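What follows is a short report on a single structure.
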Amino acid sequence: MKKLRLFYVLFIFACSDGDTNQDTPNMCIDETLIDLDVVCIEIYAPVCGCDGATYSNECEAMSRYGVLAYSQGECN
-10 MKKLRLFYVL
0 FIFACSDGDT
10 NQDTPNMCID
20 ETLIDLDVVC
30 IEIYAPVCGC
40 DGATYSNECE
50 AMSRYGVLAY
60 SQGECN
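Residue numbers for the sequence shown, in our numbering: -10 to 65.
As structure tokens, then:
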């Protein structure tokens, strides 16, 4: 029974991807850019974020969601 339990524990560790570190950089989103105190003007000038989401304008993409890269216009 102990061998079976040990096998089960080792199996769980072997199946994990090992990427539990939250410090791994996301090349699209930078949470340090998020500043909810920034007041974005409410002009609809959509941008398509590198994450595939459409944001109402550049300010919202960067200040509300931390999007690092975007292009003008809505996402397809």
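Positions of the beta carbon are idealized from the N, C-alpha and C atoms, including for glycine.
All values derive from a computational prediction rather than experimental measurement.
Status (buried if at least 16 other CB within 10 Å, exposed otherwise) for residue i
{"i": "TYR44", "result": "buried"}
{"i": "VAL28", "result": "exposed"}
Contact with chain D by residue i, beta-carbon distance below 9 Å
{"i": "TYR59", "result": "Going by chain labels, chain D is absent from the structure shown, which holds only one protein chain."}
Where residue i sits in the DSSP three-state scheme
{"i": "THR13", "result": "Its pLDDT being 47, under 50, THR13 is placed unreliably in this model, and the value from its coordinates should be taken loosely. DSSP places THR13 in coil when its eight states are reduced to three."}
{"i": "TYR33", "result": "coil"}
{"i": "SER52", "result": "helix"}
Proximity of residue i and residue j at Cβ, strictly below 9 Å
{"i": "GLN61", "j": "ALA34", "result": "yes"}
{"i": "CYS39", "j": "GLU63", "result": "no"}
Cβ distance (whole Å) where residue i is taken to contact residue j below 8 Å
{"i": "GLU20", "j": "GLY55", "result": "5 Å"}
{"i": "MET51", "j": "LEU25", "result": "Their Cβ separation, rounded to whole angstroms, is 12 Å, which puts MET51 and LEU25 out of contact at 8 Å."}
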